[in-house]
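Here the structure comes first, spelled out in structure tokens, and everything after it is commentary.
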Amino acid sequence: MWPFLPYNPPAVHTVKAIYPGSFDPLTNGHLDLIARGAKFVDTLVVAILDNEEKHPLFTVAERVEMLTEATRRFGNVSVATFDGLLVEFAQKQGARIVLRGIRAISDYEYELQMALMNRRLSAEIETLFLMPAEEYSYVSSRLIKQVFRLGGSVEGLVPPIVLERLKAHPQSRMR
Ligand code: PNS
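Quick note: the sequence shown uses our numbering, first residue 17, plus one each step.
See the structure below:
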């Protein structure tokens, strides 16, 4: 009898993750995290929270433009916007992973609260944390805006497109 070798093809399984945030503006720390995350998943959706209550410096449309430009080199990264609950957005996208960055212990409490709340809201969605490169461990969108507004240089801390847009923005610089 012809030897019968059972063939169990691996289940087609693609991993999709959401990297949510305000990205007001995108920093090289965010970009570093996107690069790290994109290596481990099939598809990474960078999701910008559409929340005008936070009085952002850049509109959502401007942030989409900057993120799209800065992530163009990644074949598996796309940019989207969302409002409402993050877990609902993740479910609609068919993603079960939420990616977040932890720079220092000070980030931990806020991130833990969000991860546990999201888990309570949707037990199937897991939050995975990555650490950005040490050189960006002190970089935040808040500090970028503050330093730039006060006339300091943020070169090397944000992608070129963001630097360009900061320089062109009427409210980003005091002097
Ligand atoms: O860059 P940020 O501001 O730290 O990102 C925060 C963000 C967008 C991830 C968070 O505010 C969020 O997920 N908002 C959506 C509302 C939500 O789902 N809230 C319940 C879980 S905390």
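Positions of the beta carbon are idealized from the N, C-alpha and C atoms, including for glycine. Everything numeric in this text was worked out from a predicted model, so none of it was measured.
Less than 8 Å separates the beta-carbon of Val76 from that of Thr97. Distance between Leu144 and Met190, taken at the CA atoms: about 38 Å. A heavy atom of the ligand PNS is found nearer than 7 Å to the CB of Leu65.
Between the ligand PNS and the CB of Val57, the shortest heavy atom gap is not smaller than 7 Å. The C-beta distance from Ile50 to Val31 rounds to 15 Å, too long to meet the 8 Å contact threshold. Separation of Leu182 and Leu73 (C-alpha to C-alpha, rounded to the nearest whole angstrom) is 9 Å. Distance from the CA atom of Leu65 to the CA atom of Val28, rounded to whole angstroms, is 31 Å.
Leu60 places its beta carbon 8 Å or farther from that of Ala86.
Rounded to whole angstroms, the gap between the alpha carbons of Leu179 and Lys55 is 26 Å. Uninterrupted alpha helix (DSSP H) stretches at least 4 residues long and entirely within the stretch 88-136 occur at 102-109, given in chain order. Relative to the non-hydrogen atoms of the ligand PNS, the Cβ of Gly45 never comes closer than 7 Å to any of them. Annotation: Lys70 is outside any beta strand (DSSP E) and is labelled neither H nor E by DSSP. With contacts defined by Cβ atoms closer than 8 Å, Asp58 and Asn92 form a contacting pair.
In the displayed model, Val62 falls within a strand according to three-state DSSP. The C-beta separation of Ile118 from Glu127 comes to about 6 Å, placing the pair in contact by the 8 Å criterion. If you draw a straight line from the Cα of Val155 to the Cα of His185, it is about 20 Å long.
Look at Ala33 here: in three-state DSSP terms it is strand. Arg158 counts as exposed, since fewer than 16 other C-beta atoms from the protein chains shown sit within 10 angstroms of its C-beta. With a cut-off of 7 Å, the C-beta of Met130 is classified as near the ligand PNS, since at least one heavy atom of the ligand falls inside that distance.
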